[in-house]
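K.L.:
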Amino acid sequence: MSLPQPPPSSRGPSKKRKFGSGEIPLQDLPYVKEQFSGVVERLDDLQTVQHGKFKDVEEIEVIKIQVQQMLESIDKYADLCKATENTGLDVKSIPFSKFDDELMRTRLGVSVIDIRCQSAKEFGDNMITALHLHPLSRQLPDIVNAVGGCNFQSMSRLLNMISSAVNTKPEASGRMFIDQWLLESANLTWDLEKGRFHSILIPECQISDLRTAPARIIHGRYVTYITGSTDYAFWSIPEERFSVKHEATLHQNNVINTITATLITPFETLVFYEAKRDGEDLTDHVPQVVAQCLAACVKSKLPQMPFCLTTGSEWMFGIMDTSVTPNTCTKSSVFDVDCRAPSLPVIQSIMTLLLLWTVQPAMAIRDAIQKL
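Read in order, the letters of the sequence shown are residues 1 to 372 in UniProt numbering.
1) Could you tell me the boundaries of the alpha helix (DSSP H) in which L159 lies?
2) Do F335 and I350 have their C-beta atoms closer together than 8 angstroms?
3) Output the boundary residues of the beta strand (DSSP E) element that contains L210.
4) By a C-beta neighbour count over all protein chains shown, 10 Å radius and 16 as the cutoff for buried, is S164 buried or exposed?
5) Please list the terminal residues of the continuous beta strand (DSSP E) segment that includes H219.
6) Assuming A233 contacts P306 (C-beta within less than 8 angstroms), just tell me the rounded distance between them.
7) To the nearest angstrom, report how far apart R175 and T352 are at their CA atoms.
8) Is it right to say Q50 is buried, meaning 16 or more other beta carbons lie within 10 angstroms of its own, or is it exposed?
9) Restricting to Cα atoms, I'd like to know which of L294, D79, G312 and L210 is closest to Q304.
10) By DSSP's criteria, S332 is part of a beta bridge. Which residues make up the other side?
11) I think N151 touches L344, with their Cβ atoms under 8 angstroms apart; what is that distance to the nearest whole Å?
12) Whose C-alpha, out of V57, R42 and C81, is nearest the C-alpha of L29?
13) Could you tell me if E314 is buried or exposed, where buried requires 16 or more neighbouring beta carbons within 10 angstroms of its beta carbon?
14) Could you tell me how far apart the beta carbons of R196 and P238 are, in whole angstroms, since I believe they sit closer than 8 angstroms?
15) If we ignore side chains and look at the alpha-carbon of each, how far apart do A364 and C329 end up?
16) What residues match up with M320 in a beta bridge as DSSP calls it?
17) Do the CB positions of V346 and A120 come within less than 8 angstroms of each other?
18) Should the region 222-230 be regarded as contacting the region 93-111, the criterion being three or more beta carbon pairs within less than 8 angstroms?
19) I'd like to check one pair, L43 with S185: are the Cβ atoms closer than 8 angstroms?
20) Could you check the C-alpha separation between V40 and T224 for me, to the nearest Å?
21) Can you tell me whether DSSP reads G174 as helix, strand or coil?
22) Where do the N-terminal and C-terminal ends of the alpha helix (DSSP H) with E231 fall, by residue?
23) For the alpha helix (DSSP H) containing F36, name the first residue and the last one.
24) Could you tell me which residues DSSP puts in a beta bridge with Y77?
25) Excluding the 5 residues flanking L92 on each side, which residues of the same chain have their C-beta closer than 8 angstroms to its C-beta?
26) Suppose you measure from the CA of Q5 to the CA of K371; what does that come to, to the nearest Å?
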C-alpha cells in the first residue's frame with residue numbers, strides 16, 4: 001500500500017542543520033574568501049620559516065589543498081549567483097549530504113511515497129509478480145533460480161565474522177558488511193548477464209562537481225546546484241558498447257562521469273548504493289539519495305533513477321521518477337538483517353532485491369513499485 005511520508009515533526013527532534021559555503025549570501029562571499037585566502041598565506045609562511053623546516057609536513061599540504069578547492073568552489077558559486085543577480089531567484093549550491101526534508105521539498109520539489117511491506121521477502125515477491133508481465137523486465141526466472149540455487153553459507157560466515165570483529169568502528173564495520181553484499185550480488189549479476197551485458201561496479205562515483213558542470217535544479221524561484229558523489233554505482237551496458245579501452249579509462253580515473261553514463265537503450269541499467277554507519281536512521285538520508293538521483297537524471301537525461309540506502313544490516317530500496325509532476329521518490333520500508341546470525345531466507349530476500357535493482361531497467365522498477 002502506498003502512503004505519503006509523515007511530516008518530519010512526527011519523527012522527533014532533529015539536529016540543527018549545518019550549511020556549506022554554497023549557501024553563504026553573495027554579499028558575504030568576498031569576506032569569507034579573504035579569510036580563507038589568509039589561511040593559505042599563513043600556511044605558506046609556516047612552510048618557509050626556519051629554512052623550510054616544515055615544508056614537507058603532510059597535514060599542511062592536505063589543509064592547503066582543501067582550502068584551495070574551497071576557494072575555487074566559492075569563485076564558481078559567486079559566478080553562478082552573479083549570473084542571476086537582480087532576477088529575484090534564490091541561488092544556492094548544496095552538496096548532497098546537506099539536504100534535509102525541508103530542502104528536498106522546497107528547493108527540489110520532490111514528494112516521497114512509502115511502500116509499506118512487512119518484510120524484504122514480501123516486498124521482493126510483490127515486485128517479481130508486478131514485473132512478470134512488464135515488457136522491459138529482464139531475466140526474472142534467471143534471478144529467481146540464481147538466488148534459490150545458492151546456499152550463501154560462505155557469505156553467512158563472513159557476515160558473522162565481521163559482526164564478531166573487535167575494535168571495529170561503526171562506519172568501518174558497515175562498509176565491510178556492504179562490500180560483502182554488493183560483491184556477492186555483483187558476482188551473481190555477472191554470471192546472469194554474461195555475453196549480453198557488461199556490469200561495472202564503481203566505488204566513490206562522482207556525480208556532479210561545482211567546479212566543472214554542476215547539475216542544476218530549478219523549482220519555482222529556487223535555483224539549486226547540487227553536487228557530490230555516491231558511495232557505489234552499478235552500471236550495466238550491452239557488451240557491444242563496452243570496450244577494453246573504455247574499461248581502462250574507467251579504472252584509471254576511478255570515477256565515472258555521468259554524462260558518459262547515458263543509457264542508450266531502455267534495457268540498460270544504472271543504480272546508486274549509498275552507505276551509512278550502523279545505527280543511523282536510513283529515513284534521515286532519503287533527501288541525500290534523492291538529490292543524488294536528481295543530479296544523475298539531469299546529467300544523464302534519465303527519467304528514472306533507482307537507489308538503495310544501507311548500513312549493511314538495514315536496507316531500503318527506492319526509485320526517483322522525474323517523468324511526473326511533482327518529481328516523486330518511491331521507497332520501501334527499512335528491512336533488517338541480523339548479521340550475527342543471518343538466516344538463509346533473509347539473505348535470499350535481500351539478494352533478490354539487489355539483483356532486481358541491478359538488472360531490471362528503471363522504468364520497469366518504477367511501474368512495478370507503483371502497483372504495490
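C-beta atoms are modelled at their ideal positions from N, C-alpha and C, and glycine is treated no differently.
P.N.:
In brief:
1) Within the sequence shown, numbered from 1, the residue matching residue 159 stands at position 159. Looking at the DSSP string, the run of the alpha helix (DSSP H) that includes L159 is Q153 to S164.
2) For this step, residue 335 is matched to residue 335 along the sequence shown. For this step, residue 350 is matched to residue 350 along the sequence shown. Their beta carbons are under 8 angstroms apart, which means F335 touches I350 by this criterion.
3) Stepping through the sequence shown from its first residue, residue 210 is reached at position 210. Unbroken run through L210: none, as it is neither H nor E.
4) Sequence index remark: in the sequence shown, residue 164 carries index 164 (1-based). The residue in question, S164, is exposed, as its Cβ has fewer than 16 Cβ neighbours within 10 Å.
5) Taking the sequence shown and counting its residues from 1, the one referred to as residue 219 is at position 219. A215 to H219 is the span of the beta strand (DSSP E), which, as asked, contains H219.
6) As a working note, residue 233 is residue 233 in the sequence shown. As a working note, residue 306 is residue 306 in the sequence shown. 11 angstroms between Cβ atoms; not a contact.
7) Translated into positions along the sequence shown, residue 175 becomes position 175. Translated into positions along the sequence shown, residue 352 becomes position 352. When rounded, the distance between both Cα atoms is 20 angstroms.
8) As a working mapping, residue 50 is identified with position 50 in the sequence shown. Under this definition Q50 is an exposed residue.
9) Position 304 of the sequence shown, counting from 1, holds the residue named residue 304. It is L294.
10) Walking along the sequence shown from the start, residue 332 turns up at place 332. Answer by DSSP bridge pairing, in chain order: I115.
11) Residue mapping note: residue 151 aligns to position 151 of the sequence shown, counting from 1. Residue mapping note: residue 344 aligns to position 344 of the sequence shown, counting from 1. That belief holds up - the Cβ atoms of N151 and L344 are roughly 7 angstroms apart, short of 8 angstroms.
12) Here the question's residue 29 lines up with position 29 in the sequence shown. Of the listed residues, the one whose Cα sits closest to L29 is C81.
13) One-based indexing of the sequence shown puts residue 314 at position 314. Counting Cβ neighbours within 10 Å, E314 comes out buried, since at least 16 surround it.
14) In the sequence shown, residue 196 corresponds to position 196, counting from 1. In the sequence shown, residue 238 corresponds to position 238, counting from 1. That belief holds up - the Cβ atoms of R196 and P238 are roughly 7 angstroms apart, short of 8 angstroms.
15) In the sequence shown, residue 364 corresponds to position 364, counting from 1. In the sequence shown, residue 329 corresponds to position 329, counting from 1. Straight-line Cα distance between these residues: approximately 15 angstroms.
16) For the purposes of this step, residue 320 is taken as the residue at position 320 of the sequence shown. Note: M320 is bridge-paired with M305 and C329 in the DSSP secondary-structure output.
17) Along the sequence shown, read from residue 1 onward, the residue named residue 346 stands at position 346. Along the sequence shown, read from residue 1 onward, the residue named residue 120 stands at position 120. A contact, by the Cβ cut-off of 8 angstroms.
18) yes
19) In the sequence shown, counting from the first residue as 1, residue 185 sits at position 185. In the sequence shown, counting from the first residue as 1, residue 43 sits at position 43. No. Outside cutoff.
20) By one-based count along the sequence shown, residue 40 stands at place 40. By one-based count along the sequence shown, residue 224 stands at place 224. Roughly 29 angstroms between the two C-alpha positions.
21) Residue numbering aside, residue 174 sits at position 174 when the sequence shown is read from its first letter. Helix, per DSSP.
22) For the purposes of this step, residue 231 is taken as residue 231 along the sequence shown, with counting starting at 1. The sequence shown places Asp at residue 231, not Glu. Looking at the DSSP string, D231 is not in any alpha helix (DSSP H); the run it does join, the beta strand (DSSP E), is Y222 to P238.
23) By 1-based counting over the sequence shown, the position of residue 36 is 36. Element bounds for F36: L29 to G52.
24) Along the sequence shown, one-based indexing puts residue 77 at 77. Note: Y77 sits in no beta bridge, so no partner.
25) Here residue 92 refers to the residue found at position 92 when the sequence shown is read from its first residue. The sequence shown places Lys at residue 92, rather than the Leu named in the question. Only G22, E23, R107, Y222, V223, T224 and Y225 meet the Cβ criterion.
26) The sequence position of residue 5 within the sequence shown is 5, counting from 1. The sequence position of residue 371 within the sequence shown is 371, counting from 1. Low local confidence applies: a pLDDT of 46 at Q5 is under 50, so the model's placement there is unreliable, with the coordinate-based value given in what follows. Roughly 17 angstroms separates the two Cα atoms.
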